[in-house]
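*Asks:*
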Amino acid sequence: STGTVTAKMAHADENGWMVVHRTDESMKPGPVIGYAPLKMGQNENVNAILMEPVESGDMLMLMVHGEKGGMKTGVFEYSLGAKEDGPVKVDGKLVMDIVRAK
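Numbering of the sequence shown is given in my numbering, commencing with residue 1090 and proceeding in unit increments.
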């Protein structure tokens, strides 16, 4: 179904984005299908509008991306593999969680 993905809580060390990637059992981030802005600090009930349909049971990766490297503040500029507004890493690891569509 189309719709939204909601994260009950997301923490960001700086302003950025909660990005919804498609994924599968490989646990590698795939194409971006939605995103929502994050403010620095704790964010509750973050809703990302999905830009394409997902089926019940599809695996989705919710990942924190930053604002660094982009040309415009407040505009999501990332595409898979790009440096603009790329993923945030803590201790070398992506900040993400995997969910299944309902």
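Note that beta-carbon positions come from the ideal geometry of N, C-alpha and C, so glycine has one too. In this text, all values refer to a predicted model and were calculated from it rather than measured experimentally.
In the structure shown, what three-state DSSP assignment does Leu1183 receive?
*Replies:* By one-based count along the sequence shown, residue 1183 stands at place 94. Note: Leu1183 maps to strand in three-state DSSP.
*Asks:* Which residues mark the beginning and the end of the beta strand (DSSP E) in which Leu1149 is found?
*Replies:* Start at 1 with the first residue of the sequence shown, and residue 1149 comes out as number 60. It spans Met1148 to Gly1155 - the beta strand (DSSP E) in which Leu1149 sits, taken as one unbroken run.
*Asks:* Thinking C-beta only, is Ala1101 closer than 9 Å to Gly1130?
*Replies:* The residue you call residue 1130 lines up with position 41 of the sequence shown. The residue you call residue 1101 lines up with position 12 of the sequence shown. In this structure, Ala1101 lies closer than 9 Å to Gly1130 by Cβ.
*Asks:* Tell me which residues share the same chain as Met1140 and place their Cβ nearer than 7 Å to its Cβ, disregarding the 5 neighbours each side in the sequence.
*Replies:* By 1-based counting over the sequence shown, the position of residue 1140 is 51. Cβ neighbours of Met1140 beyond the five flanking positions: Ile1122 and Gly1123.
*Asks:* Specify whether the stretch 1101-1114 and the stretch 1143-1156 touch according to this definition: at least 3 beta carbon pairs, one from each stretch, less than 8 Å apart.
*Replies:* Yes, since at least three Cβ pairs between the stretch 1101-1114 and the stretch 1143-1156 fall closer than 8 Å, the two stretches touch.
*Asks:* Which residues mark the beginning and the end of the beta strand (DSSP E) in which Glu1133 is found?
*Replies:* Counting from one through the sequence shown, the residue named residue 1133 turns up at place 44. Taken as a continuous stretch (DSSP letters only), the beta strand (DSSP E) holding Glu1133 covers Gly1130 to Leu1139.
*Asks:* Once DSSP output is grouped into helix, strand and coil, what is the label at Ala1099?
*Replies:* By 1-based counting over the sequence shown, the position of residue 1099 is 10. Reduced to three states, the DSSP call for Ala1099 is strand.
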